[in-house]
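Participant:
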Amino acid sequence: MANGNEYIIVTEKVKKNYEDDDIIVRAVRGIDLQIKSGEFTAIVGPSGSGKTTFLNIISGLDYPSDGKVWLNNKLLSEMSGKELSDFRRDHIGFIFQAYNLIPVLTTEENIEYIMLLQGLSKDERHRRVIEILEDVGMDGFERRFPPKLSGGQQQRVAIARAMVSQPELILADEPTANLDQTTGAELLDMMRELNRKTGMTFLFSTHDRMVMERADRVITLKDGLVVKDEWKSQN
Amino acid sequence: MWFTIKLAWRNLFRNKRRTFIAGTAIALGLASMMFTDAVMIGMKDVMIRSATGSFLGDAQIHRNEFRLTQEVEKTINNPDRITANLQKEEIVDRFTPRTLSFGMITSPANVSSVLFIGIDPETEKYLSQIDDVIREGNFFDEDNERDIVIGSKLADILEIGLGERVVITVSQAKSGDLSQEMFRVSGIYHFNIKEMDSGFALVKLAKAQEMLGIGSNVHEIAIKFRDMKVSLQEDNPFWTKYSTDDNEAVSWLTILPQMGPILGMFWISLLFMAIILFGIVAFGIINTLFMSLYERLFEFGVLRAVGTRSSGVRRLIIYEAGALAVLSCLMGIILGFIFIFIVTKTGIDYRGIEITGTTIRDILYPVFHIQQFIIYPVAVFVFTMLIGHYPAIVAGRMSISNALRKSL
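Which chain is which? The protein sequence lines are A and B, in order.
If you count the first sequence from 1, position 146 lands on 146 in the UniProt record's numbering, and the numbers rise without skipping.
If you count the second sequence from 1, position 63 lands on 63 in the UniProt record's numbering, and the numbers rise without skipping.
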């Protein structure tokens, strides 16, 4: 399938089945989706609707049972494991529900880890860390270890980690689930602002109404299928 | 790489108690290996000293085939030239000449066969330890040609005591005629070695030569080297130099061939112990690393998700194994040093215990050797790194999405 450059994600009849004791669970049942570069999109749906599975597939963390995924015009199924790792490193930022910073690394070390994988120089890494920490409002916390940070602060660092390598796509799986409403709202506003400022594409998997309220587009999944695809505003 | 090493090192201390327990187990294994090695070296030295120091010497020179036939005629050729040369040898500390023949010893109460040995008391006391274990009397009077020194068991068999008289009967060289002389028991020794306590009768060399009719010839020259290790050097020119004129120079290991396998068994025992200890260490490491791996499964999922290749995850686990090994080896080296040091001061008293015919005569002291502090720690480190590959491979192969799902 040909796809234009304006789409960062294109999926074609993506299916994912899990087999457990001869019982086949159809987690994703054929999703066709196009997401444009710079979108701030939420994938919503009840538990078990296939949100996380779909997110894993489009980020190359999991393989579809059937169908195709293009990311940045690259067909993921044609990539080797090593190429997929490098592709994720250079093109996708991840934000997880439980922050998942490495507790034995300082804020700065957590953020610079991906840049180390990319082979950036120490000076460049440091410069980018300082810049991104300012952007997420965490300047001055470079030497702190994650256990010494609040949940909101840890999630800010996680956002900084996801964005520091300047990927085209940020995938956020329930990023506000462990945060109180005020902190969650603050972080969502911050991500919205960064989306506008940098043009990075944000794709959320969420139950959170606050995310839906801020998203340009809300895609609703149910039983592994897209049942609703709603544009709230134009970018 | 340094970042990964730093990360591995810090990960090691995330669960300090577990790391301490696993590290201590590995360290104790290493310390045990080092200690056993030190004891084995000490045991080997004690056994060799016990075997050679009591009577044998580090080496001996005989006429060819004398050891096999024990014929009285087979005396060493050119003994004067040999002794003159031995005096010039840098590696030789002491030597003593002996005559050896089988004979009969008779007391008023009993009779027994003995190895009738003619010795030079002045030089003999530097070679054998008989003078050190005299239980009654003296190790020969200066002037009395008819002194005889016998073992405690032989004295019991003959039912005689100090100062009593015995008759020695031997057959003379060439003629085969019997020669008999009366001796007075001047000393009774007790070695706690059955063969020596019941089977040896020692008289002065000149008297023995006279009785055997061999002039000034001798059957054996026992040698003590300055460094005992020379006796184990098969390629040392000493052996060929003195194995001429139909004579043979042989080390104690040739004379007591059963000692070779016994010493070899020490190292086999050490090898078995090493295998068992390394097995324990292996399970300890695998258990620790897998516990650590499954505890942090989501974290590894995150690392993989953000772009770490599976080789990077494998490397991290192997470095963690390496960090555990470094820590354990440092602890093991310190523990091993302490164990060995303490026992080098106290010693292990195995005196009197007989091991395959050799009665331990000295207190056993473990011996420090540099290899204990290099080979064993390096072996444990390399082994730990190798074992670390198993959990590393498992971690490298894990499904990222499954790992990320684990803690959700």
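Built from N, CA and C at the ideal position, the CB exists for glycine as well.
Rounded to whole angstroms, what is the Cα-Cα separation between Met-1 (chain A) and Gly-284 (chain B)?
Facilitator: Here Met-1 (chain A) scores only 43 on pLDDT, less than 50, and its place in the model should not be relied on; the value that follows carries that caveat. Approximately 53 angstroms between the Cα atoms of the pair.
Participant: Can you find the residues in the same chain that come closer than 6 angstroms, C-beta to C-beta, to Ser-205 (chain A), ignoring five residues on each side of it along the sequence?
Facilitator: Correct list, in chain order: Ile-43, Lys-51, Thr-52, Leu-55, Asp-173.
Participant: Here's the rule: buried if 16 or more other CB atoms are within 10 angstroms of the residue's CB, otherwise exposed. What is Gly-217 (chain B)?
Facilitator: It should be pointed out that residue 217 (chain B) corresponds to Asn in this sequence rather than to Gly. Buried, since its Cβ has 16 or more Cβ neighbours within 10 Å.
Participant: Between B:Thr-24, B:Arg-135, B:Val-114, B:Arg-98, which lies nearest to Val-167 (chain B) when the distance is taken from Cα to Cα?
Facilitator: That would be B:Val-114, whose Cα lies nearest to the Cα of Val-167 (chain B).
Participant: Using a beta-carbon distance below 8 angstroms, is Gly-307 (chain B) in contact with chain A?
Facilitator: Yes, because at least one Cβ of chain A sits closer than 8 angstroms to the Cβ of Gly-307 (chain B).
Participant: Within 8 angstroms of any Cβ in chain A, is that where the Cβ of Ile-363 (chain B) sits?
Facilitator: So no, Ile-363 (chain B) is outside the interface.
Participant: Mind checking if Ser-251 (chain B) is an interface residue toward chain A, Cβ cutoff 8 angstroms exclusive?
Facilitator: No, Ser-251 (chain B) does not count as interfacial toward chain A.
Participant: Does the stretch 181 to 191 of chain B come into contact with the stretch 70 to 89 of chain B, if we say contact requires no fewer than three beta-carbon pairs (one atom in each stretch) closer than 8 angstroms?
Facilitator: With a cut-off of 8 angstroms, the stretch 70 to 89 of chain B and the stretch 181 to 191 of chain B do not count as touching, because too few Cβ pairs lie within range.
Participant: Check the Cβ-Cβ distances between Asp-62 (chain A) and every residue of chain B, and say whether any is below 8 angstroms.
Facilitator: With 8 angstroms as the cut-off, Asp-62 (chain A) counts as an interface residue toward chain B.
Participant: Looking at the structure shown, is His-207 (chain A) part of a helix, part of a strand, or coil, going by DSSP?
Facilitator: Of the three classes helix, strand and coil, the one that applies to His-207 (chain A) here is coil, per DSSP.
Participant: From A:Ile-31, A:Asn-72, A:Asp-90, A:Leu-84, pick the residue whose C-alpha is nearest to that of Ser-65 (chain A); which is it?
Facilitator: Measuring from the Cα of Ser-65 (chain A), the nearest candidate turns out to be A:Ile-31.
Participant: Asp-120 (chain B) to Ala-222 (chain B), Cα distance in whole Å?
Facilitator: Cα-Cα distance, rounded: 11 angstroms.
Participant: Ordered along the chain, which non-local residues of its own chain (more than five positions away) have a Cβ less than 7 angstroms from that of Thr-24 (chain B)?
Facilitator: Same-chain partners within the cutoff: Met-331.
Participant: Taking C-alpha atoms, which residue in B:Thr-346, B:Ala-274, B:Ile-353 lies nearest to Ile-26 (chain B)?
Facilitator: It is B:Ala-274 whose Cα lies nearest to the Cα of Ile-26 (chain B).
Participant: Going straight from the alpha carbon of Ser-399 (chain B) to that of Glu-124 (chain A), what length do you get?
Facilitator: Using only the alpha carbons, I get a separation of about 32 angstroms.
Participant: Which residues, in chain order, does the stretch 6 to 18 of chain B contribute to contact with chain A at a C-beta distance below 7 angstroms?
Facilitator: Answer in chain order: Leu-7, Arg-10, Asn-11, Arg-14.
Participant: Just to confirm the assignment, what range does the beta strand (DSSP E) spanning Lys-148 (chain A) have?
Facilitator: Unbroken run through Lys-148 (chain A): none, as it is neither H nor E.
Participant: Going by the beta-carbon positions, is the gap between Leu-187 (chain A) and Arg-156 (chain A) smaller than 8 angstroms?
Facilitator: Result yes, Cβ atoms of Leu-187 (chain A) and Arg-156 (chain A) sit closer than 8 angstroms.
Participant: Check the Cβ-Cβ distances between Leu-324 (chain B) and every residue of chain A, and say whether any is below 8 angstroms.
Facilitator: No, its Cβ sits nowhere closer than 8 angstroms to a Cβ of chain A.
Participant: Which chain A residues sit within Cβ distance under 9 angstroms of Ile-318 (chain B)?
Facilitator: Here the premise fails: no neighbours, minimum Cβ distance about 17 angstroms.
Participant: Distance cutoff 8 angstroms, beta carbons only. Does Gly-50 (chain A) sit that close to anything in chain B?
Facilitator: Gly-50 (chain A) does not count as touching chain B.
Participant: Show which residues of chain B have a CB atom less than 7 angstroms away from the CB atom of Asn-56 (chain A).
Facilitator: Chain B residues near Asn-56 (chain A): Ser-401.
Participant: Would you verify that the beta carbon of Val-281 (chain B) is, or is not, closer than 8 angstroms to some beta carbon of chain A?
Facilitator: False, the Cβ-Cβ gap to chain A never drops below 8 angstroms.
Participant: Got a sec? Which residues, its chain only, sit under 7 angstroms from Ile-92 (chain A) by beta carbon, not counting five neighbours each side?
Facilitator: Only Ser-59, Pro-167, Leu-169, Leu-171 meet the Cβ criterion.
Participant: Which stretch, first to last residue, makes up the beta strand (DSSP E) that contains Phe-36 (chain A)?
Facilitator: The question names Phe, but residue 36 (chain A) is Lys in the sequence shown. Element bounds for Lys-36 (chain A): 23 to 36.
Participant: For Gly-103 (chain B) and Lys-241 (chain B), I'd like the C-alpha separation in whole angstroms.
Facilitator: So the two alpha carbons sit approximately 33 angstroms from each other.
Participant: Is it buried or exposed for Trp-267 (chain B), if we count other Cβ within 10 angstroms and need 16 for buried?
Facilitator: Burial call: exposed.
Participant: In whole angstroms, what separates the C-alpha of residue 252 (chain A) from that of Val-28 (chain A)?
Facilitator: Because chain A spans 1 through 235 in this model, residue 252 (chain A) falls outside it and cannot be assessed.
Participant: For Asn-17 (chain A), return the contacting residues in chain B, with the cut-off set at a CB-CB distance below 9 angstroms.
Facilitator: Within chain B, no residue comes near Asn-17 (chain A); the closest Cβ sits about 14 angstroms away, beyond 9 angstroms.
Participant: Looking at the structure shown, is Asp-135 (chain A) part of a helix, part of a strand, or coil, going by DSSP?
Facilitator: In this structure, Asp-135 (chain A) counts as helix in the three-state DSSP scheme.
Participant: Confirm, please, whether the CB-CB distance from Val-136 (chain A) to Ala-160 (chain A) is below 8 angstroms.
Facilitator: Their beta carbons are under 8 angstroms apart, which means Ala-160 (chain A) touches Val-136 (chain A) by this criterion.
Participant: Quickly, what does DSSP pair His-62 (chain B) with across the bridge? List them, please.
Facilitator: Paired residue(s): B:Glu-248.
Participant: Considering only residues of the stretch 310 to 396 of chain B, which uninterrupted alpha helix (DSSP H) runs meet the minimum length of 4 residues and lie entirely inside it, listed in chain order?
Facilitator: List check, alpha helix (DSSP H) in window: 310 to 346.
Participant: Which residues in chain A have a C-beta closer than 8 angstroms to the C-beta of Ser-292 (chain B)? List them in chain order.
Facilitator: What Ser-292 (chain B) touches in chain A: nothing, since even the nearest Cβ is about 12 angstroms away.
Participant: Between the C-alpha atoms of Ser-407 (chain B) and Val-69 (chain A), what's the straight-line distance to the nearest angstrom?
Facilitator: With a pLDDT of 45 at Ser-407 (chain B), under the threshold of 50, the modelled position of this residue cannot be trusted, and the question is left open.
Participant: Relative to the C-alpha of Gly-301 (chain B), which candidate in B:Arg-361, B:Leu-256, B:Leu-404 has its C-alpha closest?
Facilitator: Here the closest residue by C-alpha is B:Leu-404.
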